[in-house]
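As you go down the protein sequences, you meet chains A, B and C in turn.
FYI, the numbering for the first sequence is 89 to 429, going by our numbering.
FYI, the numbering for the second sequence is 16 to 236, going by our numbering.
FYI, the numbering for the third sequence is 101 to 963, going by our numbering.
From the three backbone atoms N, C-alpha and C, an ideal C-beta is built for every residue, glycine too.
These figures come from a predicted structure and were not determined experimentally.
Remarks on the structure that follows.
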Amino acid sequence: MKRLHIRCLPVNILLSMTAVLLVLAGLMWSYLPPAGIRILLIVTGIAVFLFVSLWNWQQRRRQSDFANDICETVDAFMDGREPLNNRIYEETQTSKVQGKLMQFYDCMQEDRRQSEQDKQVIQELVSDISHQVKTPIANIQMFTSILQQHHLSDEKRAEFLTTMSVQIHKLDFLMQSLIKMSRLETGTFSLHMESNSLYDTIAQAVNGIWAKAGQKKIQITVDCDSRTAVKHDAKWTAEALGNILDNAVKYTPEGGTVSVSVRPWQFYTRIDISDTGPGIEEKHYNDVFQRFYRGQEAASMEGVGLGLYLARSIIVRQKGYISVKSKIGKGTTFSVFLLDY
Amino acid sequence: MDIVTIHNLKKYFGKGACTVKAIDGINLSIEKGKFTAIIGASGSGKTTLMNIIGGLYEPTEGTVIVDGVNLSELTEEELTVFRRRKVGFIFQDYNLVPELTIKENILFPLKLDDSRPDKVFFEEITRVLGLQDKLARYPYMLSGGGQQRTAIARALITKPAIILADEPTGSFDAKTSQNVAGLLKMAAEAYHQTLIMITHNLELAQLADRVVRIQDGRIRR
Amino acid sequence: MGEMLKTLTRRSFAAGRVRNLIAVLAITLTAVLFTSITTIGIGTEESMTLTMQMQKGSKSDGDFRNMTAKQFEMLKEADFIELAGLRMPVNFLSNTNRHNIEFDVLDDVQAELTFCSPTHGKAPVAYNEIVASEQALRELGALPEVGAEVTIEFTAHNREYRLPMVVSGWYESTSDQLSMMWAGIAFRDAHPDIFQFTYDQDRDMAGTYCSDIIAVTASGLSKKMEQEAIHMGGNPHDMEAENYIAATVNFVTNMPLEPEIAVMAALLALLFVFCCYLLIYNVFDIAVMQEIRRYGLYRTIGMSKRQVRKLINRQAVWLSGIGIPIGLFIGFFIGRAALPVIMASLSEEYANVAADVSPSPVIFLGAALLTAITVFLSTRKPVRVAANISPIEAFRYVENSSGKRRERKSSLGADISRLALSNLGRNKRRTVFIIISLTLCVVLLNCVGTAAGSLDIEKQVAFKIRTDFAVTSAASMNGMKGFVHREDALDEQVIGTVSAQPGVKDGSPIYKNTVEDTDVTYEWEHLVLDEGIVDKDSGLNIRFDENYMYFGTGDDRRPICNVYGMEESVVARMDLREGETDAHALYEKMAQGKGVMVGVDVNRVDMSINADLDMADVGEIITVYKDGKPERELPVLAKAAVNGDDQEIGITCNGPLEVGGNGLYLYLPTNIYKELYEEPVIYKYAFNVEESQRENVTAFLEDYVNNVNPEVNYLSSQTAREDAEKTRKTINFVGGLVGMIFGFAGVLNLINTMVTTILIRRHEFATMQSIGMTRKQLTRMMIFESVYYALGASFLGVVSAALLGVTIIRNMLGSMWQYTFHFTLAPAVCVSVILLIVSAVVPVAALWLFHKGSIVEQLRVAE
């Protein structure tokens, strides 16, 4: 890599020489004979000409140096190796562009790594799904063949059909989750950020789990000012909150409480969803938001481990974030922070 | 992938009998894109550690590799450019330039590098940080939170590899602290940046992906 | 980046108003200094050149003389000449007394070049029209009016002319002694007999062509002129040659730069640069230190050293951009205002010239350049400090206090002064700079005071005139003539009139020999003279000895010497050095014809006898010859050191040089003098006047010489004293100005430091106050701190002033005869006292202005 600092020197010298000569010519105008002025002007002219050509030449050199340096770097990246010049923190144009290229390269690498990882996850997912799908399908097949082959009493038939519909429901739920996930992943869904009443959104979310909670005799309390308006996508936010609530209801033992409280902050509106469940260990705070993560103690519960992952994705898309706080044996609080624009 | 790798880092101040061992043998790796909180009592060496990562101090011993570059191999001027392009600093007392408007303050690091700001990015950042209608004001016209948001925007604008926040919420009440830290976390997450934050607030530390405790110049396990 | 730096510079400019004000003030002061100095310097040079040109009577680049008409035509064609005037000299007018008038034929170019273009009326056209100076017309008894008629008398080609002329125009002459009267070309054509060229034969100037020229360039002029003279067939080297042509460069116009003056100017400039360096350095140092945290922040965010340097440099450029133009403007007017004062006191000759200076670009360019250089130099170090500051250190930056602050624990009252002292040590460099600039002020003012105090006015007056008044003929006081001929003698009648004035006492007429007294000659031992030459004017035979001393000799080719006849009172006033030093006894002996007193020129510096001229020892016999025969023998009884007054009159000594040359000054009593000389004449009447009557006598003499008897002139000790006083005024003025500027710079430095200290240490002060220091104690601490600077400066100043005084100043003054070294420290002490008072006031004012509000507020502001 060539450096250009030294090459500036002759230009500077020439420039100052020209200036000095011009000043001299001006100062001595009345003292010098015309011949002297003429010579001074000629010399100045030559100096200016030299300066311009030198400058031009240098400019061209600089440009080609710059281009070559960049090409070198790009070549190195294409070959997947580090560029030769590792002095990327110099205060030069080249190093600036190189730095950016490197950042870009890193991003690409990161993406590749991510997609690599995703591929693996998808494989696991496929086996997981096939595993999860296998049972209901086998059941449905079994019940279908029973229904086809045997003449059963209406009572019996209704029982089998109910069981089947439960299995189909399960399949449908899986299906819905997969669609949502894939849409989130591929980014094909769009958020409609509008100032909506948060109360309505929460109500929508709570509606989804009302029945389930009723079954488990879980009390749900909502503390929200009906006037609170936040800019958010009502549908997807309700989905996210629903997932969190569903999770809460799922882990809360019978007779427990799930409470939702909304507090407006300076830039955020904070929505706390607390349960009286078993709690999460601190080291798993982050894990709960991972895809297909399911707590060990939750193995017996139904679900695929996508709910919280989806919830977080939706909230982050809206420039908000979720945090968890938990005490083992006492319960867990998920805090959703929605940004007020 | 680790963005910061610290190996056997030591930093002593003073000489002879009055040597202060600010950092006394730290090994630490920080994963790219993660939020790390460093907590510890005052005087435990956390600020020194951060300043070393930011290239402000030279370590007495040990190596610090940030984004693939060994800092001890850089000259002072290179360190300056390193800070300008790779590190975003956020301080407890904001350290905004009082003579510059909010917009100028945010763009300051870019201007130092003679770069043209990415307009879309700038608009997004200011919108997210709630600064879009305050751009023409001067720092003293803003509340503490507003000034710190400006400082966050300044740290983000260069899309640095790491953001070093030294008690960014130190001078705020609990609510504002949550706010600012949240913004910081959100911003770092949204732009895939590595965030290292010093704090003594455990609640804030819980926002982090990882918490590193430092005591007497060492990492406490 | 550039645009951001610009914004930053602009905004921080508006923010640090007080600091910037001080910086601009400092730069302005620097520019004022340099501008006024260059204005004064160039103005003095211009005015002096103009004055000297006027005295010389030409502002040309050079002149050719003694040409023929043909040669003059050739000269006009020469390509190195831009303008050539024509002058055809005739002669000096012979009908004048006190004012000499040269009569020439000029063309308009020449008239312009030689300062005699008519300011009233117009140039002569008709053959009988002339232009002359006001003084010349008055001398000829006419009024300066167009159309006045004058009669002129002159000699040309040994023929006397007496012509009536008409004044067509007149101008104000710059010289009291000589001016030009001129006629046009028509006069030449009307009098071809006057303008015959006979120079090659009889050296008569009338008829020659002379020309003052303006050259195209001044470089190599002397060589070109020489070649041109040879080219037209003249000989520029041999004065004796028939075809001699004088071709000389006008060195008044093309004055070579004297190295001493150049060195002095450079030294002065350096001193100023240094003084301003101290000031500007401090201003920027303080500014940078105040902003150090910010530079640290910039560096943390990623501003490179170069960018920090650029930022501060840009600030310096901004400040200079404001300060320099203001300074140039103010400085020019200060310089122009000061110019006449300086010119008037430089020498009496320049007094009548209107001193002025044009706003030449050289002044402004030079001053601006010097200021810019000073600013550049002064900001180097602060810029480096700011650029090199480590980002983290900057955040913690507090000026390190020397020593531990154990003082706080002990009782505050007693230790406040010690606390203040230790504060000085925080920034040693700055402390040193402030003390140096204050010291410079003390030292300079003391040097000026010493010089002014050492100016020996009485010595100067005594050298010119020992009595209160002296009356001589007008010729004797004319620097071009002197007392040479018997006709220059003072009329006895005048003595009678003057001595009759009330209050006149100790009057004594003084006799002196003239060039006509060639019958009385003198001889003494060791006198070996060569053949000698005949002086054209006096007709004396001038002979030289082996040391190239020259002697006017008489009929028998022996020296006629300068011989004086005087009363005892005159001898009593003289400075008797060797032999009989009792005036009365000496006069008694001399009156009895037992000997003579010899006078020897003094070395004016130490008033010692000039060894070169000391040709006869006490006891040596001087033989007096009359008409070639030894008349009597006079042993040297005493030796006196003679000054200007003893020789002729203080302002001229032309007469003795024309008569006796370097020959002995012999002083005889009146009776012996009258015995020796056939026709004794009086050249001077010296007398004292009672104090109460001096004004009357002055008024009488003024009226007498102007209106009653223009043949007579007078000199009084009062006018001599006034002349000498002018020099003292100049020294006081210029020196005082320079010293004041240094003092101002020092005090500005002090103010700046105090204000900064208070601003920076607000928090510290607040802390101190919160732990129980009262405001009074705080003020006292600051006063102590400030006074320590002044004390240090005063001490150093007085000591170095004393050292300088007895060494350099003494030597410098010792080499100038007008001074008698007189050691003094009074100015230094005075200045020190003033500095101490100022230094005590400054912190009080600064605290009052900048340290307001409650302690809590102070603590908060400092956060």
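Three-way DSSP call (helix, strand, coil) for CYS661 (chain C) in this model: As a working mapping, residue 661 (chain C) is identified with position 561 in the third sequence. Coil.
MET190 (chain A), buried or exposed, once every other Cβ within 10 Å from all chains shown has been counted against 16: Within the first sequence, the letter at position 102 stands for residue 190 (chain A). Buried, because 16 or more other Cβ atoms sit within 10 Å of the Cβ of MET190 (chain A).
Where GLN406 (chain A) falls, given that 16 or more other Cβ within 10 Å makes a residue buried: The residue given as residue 406 (chain A) occupies position 318 in the first sequence. With 16 or more other Cβ atoms within 10 Å, it is buried.
Identity of the residues DSSP links to VAL267 (chain C) by a beta bridge: As a working note, residue 267 (chain C) is residue 167 in the third sequence. Answer is C:ILE230, bridged to VAL267 (chain C).
Any C-beta of chain B under 7 Å from that of VAL961 (chain C): Within the third sequence, residue 961 (chain C) is the residue found at index 861, counting from 1. Note that VAL961 (chain C) scores 46 on pLDDT, short of 50, meaning its location in the model is unreliable; the coordinates nonetheless yield the value given after this. No, its Cβ sits nowhere closer than 7 Å to a Cβ of chain B.
Members of the region 62-79 of chain B that neighbour chain C once the beta carbon cut-off is set at 7 Å: ASN66, LEU71, TYR72
Whole-number beta carbon distance between PHE203 (chain C) and MET154 (chain C), since they are thought to touch under 8 Å: Working through the third sequence from its first residue, we reach residue 154 (chain C) at position 54. Working through the third sequence from its first residue, we reach residue 203 (chain C) at position 103. That belief does not hold up - the Cβ atoms of MET154 (chain C) and PHE203 (chain C) are roughly 19 Å apart, past 8 Å.
Contacting residues, own chain, Cβ-Cβ under 7 Å from THR62 (chain B) (five flanking each side not counted): Taking the second sequence and counting its residues from 1, the one referred to as residue 62 (chain B) is at position 47. ASP181, ILE213, listed in sequence order.
Proximal chain B residues relative to TYR381 (chain A), where beta-carbon distance stays under 7 Å: Taking the first sequence and counting its residues from 1, the one referred to as residue 381 (chain A) is at position 293. Within chain B, no residue comes near TYR381 (chain A); the closest Cβ sits about 15 Å away, beyond 7 Å.
Rounded straight-line distance, which links the Cα of GLN162 (chain B) to that of VAL87 (chain C): The structure shown does not extend to residue 87 (chain C), since chain C is modelled only from 101 through 963, so no value can be given for it.
Chain-order list of residues whose beta-carbon lies under 6 Å from that of GLU272 (chain C) (same chain, five-residue window excluded): Locating residue 272 (chain C) in the third sequence gives position 172, counting from the first residue. Correct list, in chain order: GLU234.
Assigned exposure category for ALA114 (chain B) - 16 Cβ within 10 Å defines buried: Stepping through the second sequence from its first residue, residue 114 (chain B) is reached at position 99. Note that residue 114 (chain B) is Glu in the sequence shown, not Ala. Per the 10 Å Cβ criterion, buried.
Euclidean distance between Cα positions of HIS93 (chain A) and ILE426 (chain C): Here the question's residue 93 (chain A) lines up with position 5 in the first sequence. Here the question's residue 426 (chain C) lines up with position 326 in the third sequence. Unreliable placement is indicated for HIS93 (chain A), whose pLDDT of 45 sits below 50; no coordinate value is reported for it.
Member of C:SER279, C:LEU379, C:ARG262 whose CA lies at the smallest distance from the CA of VAL124 (chain C): By 1-based counting over the third sequence, the position of residue 124 (chain C) is 24. Nearest C-alpha to VAL124 (chain C): C:LEU379.
CA-to-CA distance, VAL931 (chain C) to ALA514 (chain C), given in whole angstroms: Reading the third sequence from its first residue, position 414 is the one you call residue 514 (chain C). Reading the third sequence from its first residue, position 831 is the one you call residue 931 (chain C). Because ALA514 (chain C) carries a pLDDT of 46, less than 50, the predicted location of this residue cannot be relied on, and the following value inherits that uncertainty. Going by the C-alpha atoms only, they are around 29 Å apart.
Straight-line Cα distance separating VAL736 (chain C) from GLY695 (chain C): Against the third sequence, residue 695 (chain C) aligns to sequence position 595. Against the third sequence, residue 736 (chain C) aligns to sequence position 636. For GLY695 (chain C) and VAL736 (chain C), the distance between alpha carbons rounds to 6 Å.
Short Cβ contact (7 Å threshold) for SER420 (chain C) with ILE127 (chain C): Taking the first residue of the third sequence as 1, we reach residue 420 (chain C) at position 320. Taking the first residue of the third sequence as 1, we reach residue 127 (chain C) at position 27. Yes, the pair counts as a contact, with Cβ atoms nearer than the cut-off.
Below-7 Å beta-carbon distance, ILE412 (chain C) vs any chain B residue: Within the third sequence, numbered from 1, the residue matching residue 412 (chain C) stands at position 312. No, no contact with chain B.
Within-7 Å CB hit, MET212 (chain B) to chain A: As a first step, residue 212 (chain B) is located in the second sequence; it is residue number 197 there, counting from the start. No, MET212 (chain B) lies away from the interface with chain A (no Cβ there is under 7 Å from its Cβ).
Beta-carbon spacing of ILE234 (chain B), ILE54 (chain B) below 7 Å: As a first step, residue 234 (chain B) must be located in the second sequence, where it is residue number 219. As a first step, residue 54 (chain B) must be located in the second sequence, where it is residue number 39. Contact flag unset, no.
Any chain B beta carbon closer than 7 Å to GLY393 (chain A): Translated into the one-based positions of the first sequence, residue 393 (chain A) becomes position 305. So, not an interface residue.
Pairwise C-alpha distance: VAL462 (chain C) and ALA365 (chain C): Counted from its first residue, the third sequence places residue 365 (chain C) at position 265. Counted from its first residue, the third sequence places residue 462 (chain C) at position 362. The straight-line gap from Cα to Cα measures roughly 16 Å.
Three CB pairs or more closer than 8 Å across the region 186-194 of chain C and the region 252-267 of chain C: yes
Proximity test, Cβ basis, 7 Å: LYS90 (chain A) and chain B: Counted from its first residue, the first sequence places residue 90 (chain A) at position 2. In this prediction, LYS90 (chain A) scores a pLDDT of 40, lower than 50, which makes its location untrustworthy; the coordinate-derived value is nonetheless stated afterwards. So, not an interface residue.
Contacts of GLU204 (chain B) in chain A (Cβ-Cβ under 9 Å): As a working note, residue 204 (chain B) is residue 189 in the second sequence. Chain A residues near GLU204 (chain B): VAL404, TYR409.
Boundaries (first-last residue) of the alpha helix (DSSP H) holding ASP160 (chain A): For this step, residue 160 (chain A) is matched to residue 72 along the first sequence. The identity of residue 160 (chain A) in the sequence shown is Glu, whereas the question assumes Asp. First-last of the alpha helix (DSSP H) with GLU160 (chain A): 122-166.
CB contact below 7 Å: GLU182 (chain B) versus chain C: Residue 182 (chain B) sits at position 167 when you count from the first residue of the second sequence. Chain C, which has no Cβ nearer than 7 Å to the Cβ of GLU182 (chain B), makes this no.
Backbone CA spacing between ASN284 (chain A) and VAL350 (chain A) [nearest angstrom]: Position 196 of the first sequence holds residue 284 (chain A). Position 262 of the first sequence holds residue 350 (chain A). Cα-Cα distance, rounded: 14 Å.
ALA641 (chain C), enclosing beta strand (DSSP E) - first and last residue: Reading the third sequence from its first residue, position 541 is the one you call residue 641 (chain C). The sequence given here places Asn at residue 641 (chain C); Ala does not occur at that position. Taken as a continuous stretch (DSSP letters only), the beta strand (DSSP E) holding ASN641 (chain C) covers 641-644.
Interfacial residues, the region 406-434 of chain C to chain B, with Cβ spacing under 7 Å: GLN407
Where LEU179 (chain B) sits in the DSSP three-state scheme: Translated into positions along the second sequence, residue 179 (chain B) becomes position 164. In this structure, LEU179 (chain B) counts as strand in the three-state DSSP scheme.
Whole-angstrom distance between SER192 (chain B) and LEU219 (chain B), CA atom to CA atom: Looking up residue 219 (chain B) in the second sequence gives position 204. Looking up residue 192 (chain B) in the second sequence gives position 177. When rounded, the distance between both Cα atoms is 8 Å.
Whole-Å CB distance - VAL724 (chain C) paired with VAL620 (chain C), under 8 Å assumed: By 1-based counting over the third sequence, the position of residue 724 (chain C) is 624. By 1-based counting over the third sequence, the position of residue 620 (chain C) is 520. Right, the Cβ-Cβ distance comes to about 7 Å (below 8 Å), so this counts as a contact.
GLU369 (chain A) at chain B interface by Cβ criterion, 7 Å: By one-based count along the first sequence, residue 369 (chain A) stands at place 281. Output row for GLU369 (chain A): interface = no.
Contacts of ILE492 (chain C) in chain B (Cβ-Cβ under 9 Å): Indexing the third sequence from 1 puts residue 492 (chain C) at position 392. Correct list: ASN66, LEU71, TYR72.
Whether ILE412 (chain C) touches VAL352 (chain C) by CB criterion (7 Å): Against the third sequence, residue 412 (chain C) aligns to sequence position 312. Against the third sequence, residue 352 (chain C) aligns to sequence position 252. Cβ distance not < 7 Å, so ILE412 (chain C) and VAL352 (chain C) don't count as in contact.
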